[in-house]
Amino acid sequence: MSELLARLQSICGPEHVSDVLADRLCYRRDCGPTPGGVPDIVVRPESTAEVVEIVKLANEVRKPIFLWGRATTFVDFGVQEGCIVMALDLMNRIIKIDLENQIVTAETGAIWHAVDSELNKLGWEMAVPGGGGMFSCTVGGTVAYNAVPHGITEYGVTGEHVVALEVVLPDGTVIHTGSAANTDAPLPIERGANGPDLTGLFIGSCGTLGVITEVTLRIHRIPECERFLFYAFDRLDDAVDAASAIQSQQAATFLIGLFGGPKPDGVEGEAFLHAIIRDTTVEAERRVRAVQVCCETFQGRPQNPGPTRCYWTEHMYSWLRNTPASAYYGGRPYYCPEVAGFMPTQALKEAIPLLHKYVAENEDFARVGMRVKGFDVYFSPNAAFLWVDTLYPEMDSEAWQVGLGVRAEIAEMLFSRWMSPGGIVAGIAPYIMPRLGTTYALLKTLKAALDPNNVLNPGVLGLGGDND
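Taken in order, the sequence shown gives residues 98 to 565; the numbers are from my numbering.
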């Protein structure tokens with residue numbers, strides 16, 4: 098037994114530390130295309146105190162740590178060969194539900210929907226419904242990535258609802274942010290307290306600047322009423338104008354646009370909008386009428402909203418195209434090297450046709466069996482979060498290389514004209530970080546100051562890696 102293994106076992110217990118190859122192979126990658134290396138050791142702490150000791154030990158022996166939630170995202174996260182993987186899934190307690198102050202505090206490894214389910218029993222819910230992996234993603238991982246959630250049109254992104262964090266810094270120091278930083282009154286009730294917004298420093302940092310161990314999030318009562326609408330358009334420009342009008346009216350809780358990929362089964366049109374409205378019964382009816390007026394003003398045709406309802410209540414993305422999961426996700430294993438980010442809503446009128454043209458002229462799509470899963474949009478309050486999913490057969494090595502090349506070309510196409518990504522991930526970092534100029538320089542300065550030994554997620558976000 099190695100000395101490092103023995104010391105980690107003394108911190109977390111032998112049952113929570115492994116150097117067995119079969120165990121280590123399970124921690125190479127998330128759902129993204131980067132294969133990753135094989136870690137030397139996997140360790141699963143159960144407390145902040147154990148995280149502190151692991152981080153201190155990593156600094157002592159100069160061995161990098163890669164953080165692991167539940168690896169549910171398509172963020173292209175490949176683990177570094179020979180590292181320590183610190184899996185945080187055992188830190189999964191709901192620490193406190195505080196209805197009076199409208200917050201919930203949970204450990205980093207708590208599953209998003211599990212926390213929401215406990216709140217639902219009391220008639221409350223998280224202030225954002227969670228990302229696509231809500232049934233398996235962790236609270237800490239979702240915040241560390243600043244995931245774009247369902248309900249973004251009204252509720253905004255995940256990070257906007259974080260009140261306070263507990264974070265273990267790369268040297269093992271534990272800090273609390275916002276109002277929780279007051280050691281005499283550590284009440285996590287307001288993020289904008291006690292000086293600079295240090296909470297925001299760690300949101301979206303993907304574990305490069307610190308290990309998030311506890312998260313406090315805003316909650317609200319479950320709305321009284323939910324209504325659903327589905328419209329088809331013959332012209333992209335009309336659908337975009339309708340979406341822009343709905344945004345200006347603040348009419349939808351969640352507005353989704355389908356502008357590429359398979360069309361909704363049995364529905365005629367070239368572009369499609371789904372709208373979910375959550376409010377009091379009276380306000381929901383007013384907002385429904387506003388969405389109807391916006392869509393029909395721009396020649397939208399109302400469709401049966403059953404697929405919209407199924408998507409929202411059954412949490413199955415394929416229902417946006419009026420198909421069950423077996424039809425939409427059949428023929429696996431496929432992988433989508435995703436490019437996604439925010440752009441002005443009206444810019445979709447240029448970006449979507451450009452994407453269609455790119456696919457039509459790219460002979461590699463047919464040659465290696467690639468296909469477009471979707472050019473789909475979650476509309477924020479004032480912009481469009483476009484994500485481009487191009488599927489390729491993952492078991493085909495040539496298709497794998499083509500898929501990564503397609504992602505690079507689409508990233509260059511979009512980032513050079515309109516788009517900034519939401520979460521910055523490994524596969525996208527090379528195309529966006531150089532465009533951040535002095536902002537990127539500041540991030541590198543922060544990384545070097547907080548983590549001089551590069552022990553936390555080196556290379557992620559282009560920070561602390563060999564090319565930094």
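Positions of the beta carbon are idealized from the N, C-alpha and C atoms, including for glycine.
These numbers were taken from a predicted model, which means no experiment stands behind them.
> In whole angstroms, what is the alpha-carbon distance linking VAL265 and ILE343?
Replying inline: Taking the first residue of the sequence shown as 1, we reach residue 265 at position 168. Taking the first residue of the sequence shown as 1, we reach residue 343 at position 246. Going from the Cα of VAL265 to the Cα of ILE343 covers about 42 Å.
Can you tell me which residues form a DSSP beta bridge with PRO226? Here residue 226 is taken as the residue at index 129 of the sequence shown, counted from 1. Partner(s): none; PRO226 has no beta bridge.
Own chain partners of GLY269 with C-beta closer than 8 Å, once the 5 adjacent residues on each side are dropped: Residue 269 sits at position 172 when you count from the first residue of the sequence shown. VAL149, GLU150, VAL152, LYS153, ASN156.
Since HIS317 and GLN498 should fall inside the 8 Å C-beta cutoff, what is the C-beta to C-beta distance between them, to a whole number of angstroms?
Residue numbering aside, residue 317 sits at position 220 when the sequence shown is read from its first letter. Residue numbering aside, residue 498 sits at position 401 when the sequence shown is read from its first letter. Not really, about 46 Å apart at Cβ, beyond 8 Å.
message: Am I right that LEU314 and VAL385 are in contact with their C-beta atoms under 8 Å? What's the rounded C-beta distance?
response: Locating residue 314 in the sequence shown gives position 217, counting from the first residue. Locating residue 385 in the sequence shown gives position 288, counting from the first residue. Not quite, the Cβ-Cβ distance comes to about 29 Å (not below 8 Å), so this is no contact.
**Q.** Pick from GLU323, PHE472, PHE476 that is closest to ASP376, judged by C-alpha positions
**A.** In the sequence shown, residue 376 corresponds to position 279, counting from 1. Answer by Cα proximity: GLU323.
For the segment 467-486 against the segment 381-400, do three or more pairs of beta-carbon atoms, one drawn from each stretch, fall closer than 8 Å, so that the two count as touching?
No contact exists between the segment 467-486 and the segment 381-400.
Which of helix, strand or coil DSSP assigns to THR535: Start at 1 with the first residue of the sequence shown, and residue 535 comes out as number 438. If DSSP states are grouped into helix, strand and coil, THR535 belongs with the helices.
Are the CB atoms of PRO161 and PRO490 nearer to each other than 7 Å? Reading the sequence shown from its first residue, position 64 is the one you call residue 161. Reading the sequence shown from its first residue, position 393 is the one you call residue 490. No. Outside cutoff.
Are the beta-carbon atoms of LEU445 and VAL337 separated by less than 7 Å?
In the sequence shown, counting from the first residue as 1, residue 445 sits at position 348. In the sequence shown, counting from the first residue as 1, residue 337 sits at position 240. Yes, these two residues count as a Cβ contact at 7 Å.
Close Cβ partners of SER214 (< 7 Å) along its chain, the five nearest in sequence each way excluded: Residue numbering aside, residue 214 sits at position 117 when the sequence shown is read from its first letter. For SER214, where only same-chain residues beyond five positions count, there are no Cβ hits under 7 Å.
- Message: Going by beta-carbon coordinates alone, are GLN574 and ASP335 separated by less than 7 Å?
- Response: Nothing can be reported for residue 574: it is not among the residues displayed for the chain, which extend from 98 to 565.
Using a Cβ-Cβ cut-off of 7 Å, state whether PRO478 counts as contacting chain B. Among the chains of the structure shown, chain B does not appear; only one protein chain is present.
*So does the segment 174-190 actually touch the segment 280-287, counting three or more Cβ pairs closer than 8 Å?*
no
inquiry  = I need the boundaries of the beta strand (DSSP E) containing ARG126, first residue and last residue.
reply    = One-based indexing of the sequence shown puts residue 126 at position 29. Looking at the DSSP string, ARG126 is not in any beta strand (DSSP E), and its letter there is neither H nor E.
* Among residues of its own chain, excluding the 5 on either side of PRO226, which ones have a beta-carbon nearer than 8 Å to its beta-carbon? -> Working through the sequence shown from its first residue, we reach residue 226 at position 129. Within the same chain, PRO226 has close Cβ partners ASP213, PRO246, HIS247, GLY248, TYR252.
### Task
Check whether the Cβ atoms of VAL140 and THR305 lie closer than 7 Å to each other.
Position 43 of the sequence shown holds residue 140. Position 208 of the sequence shown holds residue 305. Remark: C-beta atoms of VAL140 and THR305 do not approach each other more closely than 7 Å.
task = Report yes if the C-beta distance between GLY166 and ASP137 is below 7 Å; otherwise report no.
result = By one-based count along the sequence shown, residue 166 stands at place 69. By one-based count along the sequence shown, residue 137 stands at place 40. It is not a contact, given that the beta carbons lie outside the stated cut-off.
(message) With the cut-off set at 7 Å, would you say LEU355 and PHE369 are in Cβ contact?
(response) Translated into positions along the sequence shown, residue 355 becomes position 258. Translated into positions along the sequence shown, residue 369 becomes position 272. For LEU355 and PHE369, yes; Cβs fall inside 7 Å.
Rounded straight-line distance, which links the Cα of VAL379 to that of ARG532
Within the sequence shown, the letter at position 435 stands for residue 532. Within the sequence shown, the letter at position 282 stands for residue 379. Each residue's Cα considered, the two are about 46 Å apart.
The beta strand (DSSP E) enclosing ASP213, as first and last residue numbers:
Taking the sequence shown and counting its residues from 1, the one referred to as residue 213 is at position 116. No beta strand (DSSP E) contains ASP213, which is instead part of the alpha helix (DSSP H) from 209-217.
Q) If we ignore side chains and look at the alpha-carbon of each, how far apart do PRO132 and PHE325 end up? A) The residue given as residue 132 occupies position 35 in the sequence shown. The residue given as residue 325 occupies position 228 in the sequence shown. For PRO132 and PHE325, the distance between alpha carbons rounds to 40 Å.
Exercise for review: Compute the distance between the beta-carbons of THR296 and THR274, then report whether it is under 7 Å.
Suggested key: Numbered from 1 along the sequence shown, position 199 holds the residue referred to as residue 296. Numbered from 1 along the sequence shown, position 177 holds the residue referred to as residue 274. Yes, the pair counts as a contact, with Cβ atoms nearer than the cut-off.
Within 10 angstroms of the Cβ of PRO450, are there 16 or more other Cβ atoms? Answer buried if so, exposed if not. Reading the sequence shown from its first residue, position 353 is the one you call residue 450. Exposed, because fewer than 16 other Cβ atoms sit within 10 Å of the Cβ of PRO450.
Same chain, Cβ closer than 8 Å to SER341, five either side skipped, listed in chain order:
If you number the sequence shown from 1, residue 341 lands on position 244. So the qualifying residues of the chain are THR442, GLN443.
**OP:** Report yes if the CB atom of ARG504 is closer than 7 Å to the CB atom of VAL436, and no otherwise.
**Re:** Translated into positions along the sequence shown, residue 504 becomes position 407. Translated into positions along the sequence shown, residue 436 becomes position 339. Result yes, Cβ atoms of ARG504 and VAL436 sit closer than 7 Å.
#### Entry: Helix, strand or coil at VAL436 [DSSP, three-state]
Numbered from 1 along the sequence shown, position 339 holds the residue referred to as residue 436. If DSSP states are grouped into helix, strand and coil, VAL436 belongs with the strands.
### Query
Where do the ends of the alpha helix (DSSP H) carrying LEU355 lie?
Taking the sequence shown and counting its residues from 1, the one referred to as residue 355 is at position 258. It is not in any alpha helix (DSSP H) - LEU355 instead sits in the beta strand (DSSP E) that spans 351-355.
Measuring only the C-alpha atoms, how far is ASN550 from VAL135? Along the sequence shown, read from residue 1 onward, the residue named residue 550 stands at position 453. Along the sequence shown, read from residue 1 onward, the residue named residue 135 stands at position 38. Spanning the two alpha carbons is a distance of roughly 21 Å.
Q: Please classify LEU219: is it buried, with 16 or more other beta-carbons within 10 angstroms of its beta-carbon, or exposed?
A: By 1-based counting over the sequence shown, the position of residue 219 is 122. LEU219 is exposed by the Cβ-count criterion.
_Proximal residues to VAL552 (C-beta, below 6 Å), its chain only, five neighbours per side dropped_ = Mapped onto the sequence shown, residue 552 falls at position 455. The residues are ALA155, ASN156, PRO161, ILE162, PRO267.
- Quick one: is ASP294 buried, meaning 16 or more other Cβ sit within 10 Å of its Cβ, or exposed? Taking the first residue of the sequence shown as position 1, residue 294 is located at position 197. So ASP294 ends up on the exposed side.
Check your understanding: At which residues does the beta strand (DSSP E) containing ILE525 begin and terminate?
Key -> Position 428 of the sequence shown holds residue 525. Element bounds for ILE525: n/a, residue is neither H nor E.
So, with DSSP's three-state summary, where would you put MET530?
Taking the first residue of the sequence shown as position 1, residue 530 is located at position 433. It is helical.
query = In three-state DSSP terms, what is ASP334?
reply = By one-based count along the sequence shown, residue 334 stands at place 237. DSSP places ASP334 in helix when its eight states are reduced to three.
Helix, strand or coil for ARG470 per DSSP? Translated into positions along the sequence shown, residue 470 becomes position 373. One point to set straight first is that residue 470 is Lys, not Arg, in the sequence displayed. Residue state, collapsed to three classes: strand.
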